[in-house]
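Peer 1:
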Amino acid sequence: MERQDAVCCSCCEDDPLTCGCSTRGNSTEAFGKSSARYEDGTVRLKNANIELMDQDILYHLALGSGSHDLVEMFGDVKFVCMGGTPKRMEQFAYYIMGEIGHKLPTGTQLQDISQYSYRYSMYKVGPVLSISHGMGIPSIGILLHEVIKLMFHAKVKDPVFFRIGTSGGIGLEGGTVVISEQAVDGLLRPYFELPVLGKLVQRPALLDKKLVRELKALHHPEDPYDTVTGKTLCTTDFYEGQGRLDGAFCDFNENEKMAYLEQIQKANVVNMEMESLAFAALTHNAGIRSSVICVTIVDRLKGDQIHSPKEVLDEWQERPQKLVSRYIKKFLQTKGRFMDSYCGSPCVKSPRRFKLVQQESENYD
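So the sequence shown is numbered by my numbering: it starts at 33 and just counts up by one.
Spelled out as structure tokens, the structure:
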């Protein structure tokens, strides 16, 4: 089993992406044999095969490095915001458009850039990408591989990734916003384990602690809900994996379920969901600052079923979006970057390859 060390020193633990300590070079598994980013802040892929390819087709995004001018289309991206459903991320795209004062050219509208993939939806609003990641680790893992490669091909500098979504609270009332300090698996291990060529590879699931503090500081005292930080437990299943009694199968009782939930609560776990482990591990491995911000929709210590009305759930789901919006607006105001008018229309380099990418994406199962 290959184990990637999570931290090489105290300063790496605080801000692992910018650490320059002497011990960093001794942890090649944690940070790769070369630094995670180029000196100008652009993403450095840990895969030499990509640069040898005639064209890199991002099948599930319906984009290609030879068919599209990815630098022209995405070179100004600064923030990548991911959430579960296409509808939610379309709504977030329109929400962030209003928040940052982005205006579309007359007669145009936001376009789902990945519409021909039929897998994920993706909208671009100035420096913000809003993308649906589906449900669970496999779905978000595929997306992250291709979005990280997109950042590389587009020469994006110092991107920041956010996962915004829903979760089950552990001792937290519904509607509480949770900023994840760390992601752990169902055994409370802080790394993502993946079989690769018959061997288990473990990658540390690290999130940017400075980003956690910056987001927490943006909670307003007048917000009618709490914003907390803590560990997030990431499962590979919604029912048995999260200790639910209401799945098609259940081989444990109420007492055993409660004992487990109380155990993870004592380990400072405050919520659970199904994507944070892969999200944290892959972004960290790519050298990308990232954060997970979720709202709780049920307190699992009080039950398994979600009973809140739809209009209440809809309002709760806007709360992580508001926090991320505050962060983006603060950054843009600091940098004086309000706003260009590009809305995501494809910039085609090669019509022949563009058609090929559409066909490949439509047919790829």
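The C-beta atom is built at its ideal place from N, Cα and C for all residues, glycine as well.
Return the residue from the list Ser323, Lys367, Tyr359, Lys354 that minimises the CA-CA distance to phenylalanine 193.
Peer 2: Ser323
Peer 1: With DSSP as the reference, identify every bridge partner of phenylalanine 194, one or two as the case may be.
Peer 2: Cys113, Ser323
Peer 1: Can you check the segment 248-310 for any alpha helix (DSSP H) of at least 4 residues that lies completely inside it and give the ranges in chain order?
Peer 2: 286-298
Peer 1: Hey, could you find the ends of the beta strand (DSSP E) valine 157 is sitting in?
Peer 2: Note, valine 157: beta strand (DSSP E), 154-157.
Peer 1: Following the continuous beta strand (DSSP E) through lysine 231, name the residue where it begins and the one where it ends.
Peer 2: 231-236
Peer 1: State buried or exposed for alanine 280, treating a residue as buried only when at least 16 other CB atoms are found within 10 Å of its CB.
Peer 2: An exposed status is given to alanine 280, since fewer than 16 other beta-carbon atoms sit within 10 Å of its beta-carbon.
Peer 1: Measure from the alpha carbon of leucine 243 to the alpha carbon of each residue in Ala312, Ser149, Ala291, then state which is nearest.
Peer 2: Ala312
Peer 1: Helix or strand or just coil, what does DSSP make of threonine 138?
Peer 2: coil
Peer 1: Once the 5 residues before and after arginine 151 are set aside, which same chain residues still bring their CB inside 7 angstroms of it?
Peer 2: Only His92 meet the Cβ criterion.
Peer 1: Please report how far the alpha carbon of glutamine 297 lies from the alpha carbon of methionine 290, in whole angstroms.
Peer 2: Distance between the alpha carbons of glutamine 297 and methionine 290 is about 10 angstroms.
Peer 1: Out of curiosity, what's the CA-to-CA distance linking glycine 376 and tyrosine 126?
Peer 2: Confidence at glycine 376 is low in this model, with a pLDDT of 49, below 50, so the placement of that residue is unreliable and no value is reported for it.
Peer 1: Pick from Glu254, Arg235, Met129: whose alpha carbon is nearest that of alanine 310?
Peer 2: Arg235
Peer 1: I believe methionine 304 touches threonine 264 by the beta-carbon criterion, under 8 angstroms. Please report the beta-carbon distance rounded to the nearest angstrom.
Peer 2: 7 angstroms
Peer 1: When we look at the beta-carbon of methionine 85 and count the other beta-carbons within 10 Å, is it buried (16 or more) or exposed?
Peer 2: exposed
Peer 1: Quick check on phenylalanine 194 - is its C-beta less than 8 angstroms from some C-beta in chain B?
Peer 2: This model lacks chain B altogether, as it is built from one protein chain only.
Peer 1: Classify phenylalanine 284: buried if its beta carbon has 16 or more other beta carbons within 10 angstroms, exposed otherwise.
Peer 2: exposed
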